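Chemist:
Chains as they are written, first to last, in my numbering: chain A, 3 to 187; chain B, -5 to 996.
#1: Could you say if the stretch 340 to 352 of chain B and the stretch 487 to 497 of chain B meet the contact criterion of at least three C-beta pairs nearer than 8 Å?
#2: Answer yes if the stretch 862 to 875 of chain B comes into contact with the stretch 961 to 969 of chain B, meaning at least three C-beta pairs across the two stretches below 8 Å, and no otherwise.
#3: Output, in chain order, the set of chain A residues within a Cβ distance shorter than 8 Å of residue 669/B.
#4: Give the range of the beta strand (DSSP E) segment to which residue 922/B is assigned.
#5: Please compile the residues from chain B whose C-beta is within a distance smaller than 7 Å of the C-beta of residue 159/A.
#6: Tell me which residues of the stretch 135 to 152 of chain A have at least one Cβ-Cβ distance to chain B shorter than 7 Å, keeping chain order.
#7: Within the stretch 95 to 137 of chain A, note down every full beta strand (DSSP E) run reaching 3 residues or more, in order along the chain.
#8: Sorted by chain position, which residues of the same chain lie with C-beta nearer than 7 Å to residue 38/A's C-beta, five sequence neighbours on each side aside?
#9: What residues in its chain sit with their C-beta under 7 Å from that of residue 9/A, if we drop five residues either side in the sequence?
#10: Can you give, in chain order, each stretch of the beta strand (DSSP E) that sits fully within the stretch 272 to 298 of chain B and has at least 3 residues?
#11: Check the Cβ of residue 79/A against every Cβ in chain B and list those closer than 8 Å, keeping chain order.
#12: For residue 37/B, which of helix, strand or coil comes out of DSSP?
#13: CA-CA distance, residue 120/A and residue 945/B?
#14: Have a look at residue 42/A and residue 610/B and give me their C-alpha separation to the nearest angstrom.
#15: Is the beta carbon of residue 841/B sitting closer than 8 Å to the one on residue 658/B?
#16: Classify residue 978/B: buried if its beta carbon has 16 or more other beta carbons within 10 angstroms, exposed otherwise.
#17: Cutting at 6 Å between CB atoms, please list the residues of its own chain near residue 855/B, excluding the five before and the five after it.
#18: Would you identify the three-state DSSP class for residue 305/B, choosing helix, strand or coil?
#19: For residue 599/B, return the contacting residues in chain A, with the cut-off set at a CB-CB distance below 8 Å.
#20: Using 8 Å as the threshold, is the stretch 676 to 686 of chain B in touch with the stretch 637 to 655 of chain B, meaning 3 or more CB pairs across them?
#21: Mind reading off the beta-carbon distance from residue 165/B to residue 272/B? Whole number of angstroms is fine, and I expect it under 8 Å.
#22: Establish whether the CB of residue 265/B and some CB of chain A are separated by less than 8 Å.
#23: Can you find the residues in the same chain that come closer than 7 Å, C-beta to C-beta, to residue 442/B, ignoring five residues on each side of it along the sequence?
#24: Counting pairs of Cβ atoms below 8 Å between the stretch 314 to 334 of chain B and the stretch 395 to 407 of chain B, do you hit three or more?
#25: Is there at least one Cβ from chain B nearer than 8 Å to residue 118/A's Cβ?
#26: Can you say whether residue 4/A is buried or exposed, counting buried as having 16 or more other CB atoms within 10 angstroms of its CB?
#27: Could you please give me the residues that DSSP links to residue 232/B through a beta bridge?
#28: If you follow the beta strand (DSSP E) that residue 511/B is in, where does it begin and where does it stop?
#29: Grouping DSSP H, G and I as helix and E and B as strand, with all else coil, what is residue 223/B?
#30: Any beta carbon of chain E sitting closer than 8 Å to that of residue 24/A?
#31: So for residue 265/B, helix, strand or coil by DSSP?
#32: In whole angstroms, give me the CA-to-CA distance for residue 742/B and residue 92/A.
#33: Fully enclosed by the stretch 613 to 660 of chain B, which alpha helix (DSSP H) runs are 4 residues long or longer?
#34: Quick one: residues in its chain with C-beta nearer than 7 Å to the C-beta of residue 205/B, no 5 flanking neighbours on either side, listed in chain order?
#35: Can you tell me the Cβ-Cβ gap for residue 91/B and residue 66/B, rounded? I've got them flagged as a contact below 8 Å.
#36: Leaving aside the five residues before and after residue 242/B along the sequence, list all residues of the same chain whose C-beta is less than 8 Å from its C-beta, in chain order.
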């Protein structure tokens, strides 16, 4: 299967531990948006979007849920700061860093590898840098975001990390380029 | 004989010869051949035996509609039965075998059935095997099963890989003939995102074979330039070898791409199933020629006229040296001309029409072909291949007036638009009387969510059979699709031209007044051996609905789904019923258009990734320590941990005893953990649990029950109040996702005014139950928290660090022992587990699995969701009235539990059960009652819900639901057994162990 002359069509890597905080609440409320911005360093993204500034960012998960991404070691401080800022506001912040696994999918056909497994519209036009989708990968829920340069990040629940890794590896097997999306897009 | 022509063949590469084997014989062909073409080139006309009568059969078509030429393809792990030779591209080393014959294709024992045809009419099975009744099971069915089925199933696991691919497009164009190309051009030029798919390896369809001129050039030239223009558009994608398989609601379509069937050793997946979301779909799927129903129309060498010229023009293969043509239309004359162009003889054209004088007819006459009007084939000579035909009057009774020697017959009964994809999602058809065909009714197209049509038929598939009309119609369809997408398009199509055709004349049986003997030889459905006489018999026996006739006769039920037989069959039915074809209507067109491989449907889901298996943070440890696993939802939980040489049963008993005596560890990470937070969290939980949760003090735990709206017990678990506005709700392992969804649904649809958030934290925490008299000692050794009885009493929780790991410790027990459930961040779950094992080594710490958990909870009389409950059980049945609040105004299930049936004192209620001899009751066994039901079955009064051997008590224990059970303590009742006489058991309290609860409360 791994003939050196026919390489994998994308590279799959499980990323190291990532700090993650779930924020539930009215995302457009001034206090909530400001509190999130204070710890994530970016403004609250709109629907189906994510925003990053270096290692920090926010992903839009649903109309009342955002996922704050940050370095693992900063989670405790960020939680405390959020809780302080949101006293008296109906919002829930909770550490979910251990709940998920993170994968990075890169290489010329990364987009096609994902489109084999996810029913979301992942075409370059619909899913460019800054886009984020909660969708499914084969039989499990995931969230995917596009980072530009044909690189993608994906999160899944930690219990299915082995399954997701195997799925992505299967979809990236040599000879599997679909030739539907432009290479590297 | 059939043979390869010296010159020609637009699809073959004579410089690339290929070797292949058919039934063990070496043959050769060329790159570009289909297997069917190559077999004909090797003079293999008969390639199969039919399903029912085992009649010799050869290819009748040249494409996807082929019913006869099915072969077993490949070997070993790449063997696949029922592959159509007409759509199988030849490759070096291809190995194929004929099917449905024994011992060989030429000499077949099953052919005996053909002699019995007279006693094997439609409905034979239904009529014959009714009596004697016992014979069905022991004689008839085994014999029928033995002879049923087409081809043989593969025995090895499939060697190939398969995958899916999701595409979202503005416009999907199905069919890469000139119509599909034209529609794609028009929409593509307008800026639509277009996916154009073609089932064969070649673009352009049959226009080049039919001599169509487009924009003044031969079709091939226009196809080439059209393709180039499409390739140059960034917004157009082109796929060959990709068949539109099905059209579904909301613009969903399936397409089946065959990547390596023509080159099996290429790396990569063999097939790719495209799951397409299209805003608009154009079906440019062409038309299929209809056979004529004359006696002997299934003898190898009798082919569709269009297929004959396909073989000649595309692959330079002559199906015969002398071909008689029989037709009811002008199009078949193109075949005569193609044969003449190839230097082959056409002894006669039999035209069923009284007058034939169109330009094509004139052209044939001008080249000296004998054209006989008002004539029919009344007999086909030859058994395993055609040797001649008898001809007679088209409207006669079948008296031959002349005999003509020939080795092939090209027949044409007219063309039927391929309306399958149009019809899959509800597109309706209209009967075109003048041209005797069903075509799409644009006024009743498949509608999308906005009620507007999302499927457009184009070209021949829309009934525009003539070249000029076809091209123009395709331009119109492309522009209409673009307009529906909000794009301005120019519908102007290329100008296509072919010879004009005079009207065809519908001919459904030939000769028109044939008697029963001849009608028994007129085949409608080749693959299922359904003849004109069968359909007529069905009509006489009262089958009026076409759907019933289909099932009674099996017309159209074979793997080709009646692509050739459909119209002819229902025309014969209409005639027999004395009604019209539109009155009879068609059967339902269902996807897929042609059979899909199971591999393509499964995609990547096989082997290790057949389905997701959820792993806890301690899964590696369990695997390394020989755990026997059992499925719990998508988790695989350790059932027990057998030691070397230990049986599972013994391991379970050891784990129970050790936990009761020393200390056990359970990986409880799979338990659902839902954070419910917000100012209204307490109020919300009061509504979703049967008991009161809002009164729970922060720091305390309470066991809670969740019911469905209908009052039935759905899930249970311990709720811990974290703070004034936050709770952790534990759910069962299998119920976590469902309960989460349940809570979200109520919050989002009914109680959206409550300020509550639910976050599923199941995966954030690893949870370890440390259970047994030495549990506290073990945890205290880890250091960091005061877990004394004073600091943390039963049903309280506390937060701190243990072994340096942040931990939340719940003092709860599902075993009756001193028990702590410790939640730690999942990433440190394994470290915590290891720390517990190390700290407890000299205490005798051992892990225990789910079976030990089950036994220990049963010894304590604790119910288990899924054992004591089955969706029909309410908390009151289980003696859990104490957990159902009488004070609350409302909770989910409250009203239902007040219905008469729910408060009926006759409901079976939970009790413990002990056999008199200490043996174990069978699981699920029914408690017998006096008398019988109206159906003569024994009355029952209860059933066993859980049953185990208790190593603690050294005897069988069980729980069950028994009528008036709690009032009948000490009474002995009998339980049915499958393997012996009824087993008596005594009704006792369900709490077998430590009824005072002293052990858990230390």
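Ideal placement from N, C-alpha and C gives every residue a C-beta, glycine not left out. All figures in this text were calculated on a predicted structure; none of them were measured in a lab.
Modeler: According to the structure data:
#1: yes
#2: no
#3: Position 675 of the second chain, counted from the start, is the residue given in the question as residue 669/B. Those within 8 Å of residue 669/B in chain A are 94, 96.
#4: Mapped onto the second chain, residue 922/B falls at position 928. That run of the beta strand (DSSP E) goes 920 to 926.
#5: Taking the first residue of the first chain as 1, we reach residue 159/A at position 157. Simply 757.
#6: 140, 141, 142
#7: 102 to 108
#8: The residue given as residue 38/A occupies position 36 in the first chain. Contacts found: 25, 46, 60, 68, 70.
#9: Against the first chain, residue 9/A aligns to sequence position 7. For residue 9/A, where only same-chain residues beyond five positions count, the Cβ hits under 7 Å are 176.
#10: 281 to 283, 296 to 298
#11: Residue numbering aside, residue 79/A sits at position 77 when the first chain is read from its first letter. Result: empty, since nearest Cβ-Cβ is about 15 Å, beyond 8 Å.
#12: Position 43 of the second chain holds residue 37/B. Note: residue 37/B maps to coil in three-state DSSP.
#13: Here the question's residue 120/A lines up with position 118 in the first chain. Here the question's residue 945/B lines up with position 951 in the second chain. If I take the Cα positions, the gap works out to 49 Å.
#14: Translated into positions along the first chain, residue 42/A becomes position 40. Translated into positions along the second chain, residue 610/B becomes position 616. Computed Cα separation, rounded: 30 Å.
#15: Position 847 of the second chain, counting from 1, holds the residue named residue 841/B. Position 664 of the second chain, counting from 1, holds the residue named residue 658/B. In contact: residue 841/B and residue 658/B (Cβ atoms closer than 8 Å).
#16: Along the second chain, read from residue 1 onward, the residue named residue 978/B stands at position 984. Answer is exposed; the Cβ neighbour count stays below 16.
#17: Working through the second chain from its first residue, we reach residue 855/B at position 861. Cβ neighbours of residue 855/B beyond the five flanking positions: 984, 985.
#18: As a working mapping, residue 305/B is identified with position 311 in the second chain. Correct three-state label for residue 305/B: helix.
#19: In the second chain, the residue the question calls residue 599/B occupies position 605. Near residue 599/B (Cβ distances below 8 Å), the residues of chain A are 140, 141.
#20: no
#21: Stepping through the second chain from its first residue, residue 165/B is reached at position 171. Stepping through the second chain from its first residue, residue 272/B is reached at position 278. Their Cβ separation, rounded to whole angstroms, is 6 Å, which keeps residue 165/B and residue 272/B in contact under 8 Å.
#22: The residue you call residue 265/B lines up with position 271 of the second chain. So no, residue 265/B is outside the interface.
#23: Counted from its first residue, the second chain places residue 442/B at position 448. These residues qualify, in order along the chain: 244, 245, 448.
#24: yes
#25: To locate residue 118/A, count along the first chain from 1; it is residue 116. It does; some Cβ of chain B falls within 8 Å.
#26: Working through the first chain from its first residue, we reach residue 4/A at position 2. Confidence in residue 4/A is poor, its pLDDT being 44 and thus under 50, which makes the residue's placement unreliable; the coordinate value appears in the next sentence. By the 10 Å Cβ count, residue 4/A comes out exposed.
#27: Numbered from its first residue, the second chain carries residue 232/B at position 238. Paired residues: 190/B.
#28: For the purposes of this step, residue 511/B is taken as residue 517 along the second chain, with counting starting at 1. First-last for residue 511/B: 510 to 513, but that is the alpha helix (DSSP H), not the beta strand (DSSP E).
#29: Sequence index remark: in the second chain, residue 223/B carries index 229 (1-based). The answer is helix: DSSP assigns residue 223/B an H, G or I state.
#30: Absence of chain E from the displayed structure is noted, the protein chains being A and B.
#31: Locating residue 265/B in the second chain gives position 271, where the first residue counts as 1. Strand.
#32: Working through the second chain from its first residue, we reach residue 742/B at position 748. Working through the first chain from its first residue, we reach residue 92/A at position 90. Cα to Cα, residue 742/B sits roughly 16 Å from residue 92/A.
#33: 613 to 618, 642 to 655
#34: For this step, residue 205/B is matched to residue 211 along the second chain. If we look at residue 205/B and ignore the five residues flanking it on each side, its Cβ neighbours are 328, 492.
#35: Against the second chain, residue 91/B aligns to sequence position 97. Against the second chain, residue 66/B aligns to sequence position 72. Indeed, because the Cβ distance is near 4 Å, the residues count as touching under 8 Å.
#36: Position 248 of the second chain, counted from the first residue, corresponds to residue 242/B. Excluding positions up to five away in sequence, the list reads 248, 418, 419, 585.
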